[in-house]
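There are 2 protein chains.
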Amino acid sequence: MTSADHDAVLEANALFYAAFEDRNLMAMDAMWSADADIACVHPGWPPIRGRDDVMRSWKAVFENSDGVTPVCDGPTCQVHGDSAYVLCRERLDNAVLIATNLFVRRDGAWALVHRHSSPLARVPATPPIDPDFLPN
Amino acid sequence: MTSADHDAVLEANALFYAAFEDRNLMAMDAMWSADADIACVHPGWPPIRGRDDVMRSWKAVFENSDGVTPVCDGPTCQVHGDSAYVLCRERLDNAVLIATNLFVRRDGAWALVHRHSSPLARVPATPPIDPDFLPN
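Protein sequences appear in the order of chains Y and F.
Just so we're aligned: the first sequence equals residues 1 to 136 in this note's numbering.
Just so we're aligned: the second sequence equals residues 137 to 272 in this note's numbering.
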């Protein structure tokens, strides 16, 4: 992994959130790989598989989510050859989500192939882990 | 991607769930890459980053989760060079989770570098997507 790779992935990730915030379907489409087999897990929902259905889902998200879009917070990036993932928080007005955004390098550019976003629990019924090592 | 790669990733994924079911910390440790910068998102929790803390979290999960372990259902796999991810459902007695398990090839074997598991919502307050294309 080079520092340039790392920066380029974080830049692609930032462009993804910009497209999300702008509700710009063309920009969102451009962020995703042209591969037919991309997938997306919107918060709480079953996986959407396949490029056509993933893009239909973004169209529906943009039309139905009454202006609420997450702000990406604290993204970190790991690059493994021509694949990389970003792990970040997504802040809404009154909730925090955790997102994994998976990119692959296609013709020198980083394109999304999979995304998994899910809510951060506030008061878990059964804490599975020692709170001592829960990060911020 | 070769069919052999695909099968090997799904086999590694199955071994991960076997280690989970057996609460076998040594087997779980062996499933994860030796890389220091692995990460894990347990359902509803903030990301755990770093190999030591990820393994501490599994120890705590095994000690605290009163015997409930998810059954992997319907895994699908996408291989991108030396990286791959599995997307699957995780069935509990009365809940369904969605998991993204990210592997990299290390010395010919597939090892986990990141995992993100989260609950499937039952009755979302604001369906973001057209139910017509919600898979099973």
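Note that CB positions come from ideal geometry on N, CA and C, so glycine has one too.
Can you have a look at residue i and say buried or exposed, based on whether 16 or more other CB atoms are within 10 angstroms of its CB?
i: V113/Y; result: buried
i: V207/F; result: exposed
i: L233/F; result: buried
i: L238/F; result: buried
i: N230/F; result: exposed
i: G74/Y; result: exposed
i: A235/F; result: buried
i: A34/Y; result: exposed
i: V68/Y; result: exposed
i: G108/Y; result: exposed
By DSSP's criteria, residue i is part of a beta bridge. Which residues make up the other side?
i: H42/Y; result: DSSP output for H42/Y lists no bridge partner at all.
i: P255/F; result: L233/F
i: T212/F; result: L223/F
i: R49/Y; result: A39/Y
i: L112/Y; result: W32/Y, F103/Y
Per DSSP, what kind of secondary structure is residue i in: helix, strand or coil?
i: A235/F; result: strand
i: L228/F; result: coil
i: V104/Y; result: strand
i: F133/Y; result: Here the model assigns F133/Y a pLDDT of 49, short of 50, so the residue's position is not dependable and the matter cannot be decided.
i: V54/Y; result: helix
i: D7/Y; result: helix
i: V71/Y; result: strand
i: N149/F; result: helix
i: D218/F; result: coil
Could you name the residues of chain Y that residue i contacts, counting a contact when the two beta carbons are closer than 8 Å?
i: V177/F; result: L87, I98, T100, S118
Residue i touches chain F at which residues, Cβ-Cβ below 7 Å?
i: S83/Y; result: H216, G217, S219
i: D37/Y; result: Q214
Chain Y partners of residue i, CB-CB under 9 Å?
i: V207/F; result: Residues of chain Y passing the Cβ test: none, with the nearest at roughly 16 Å.
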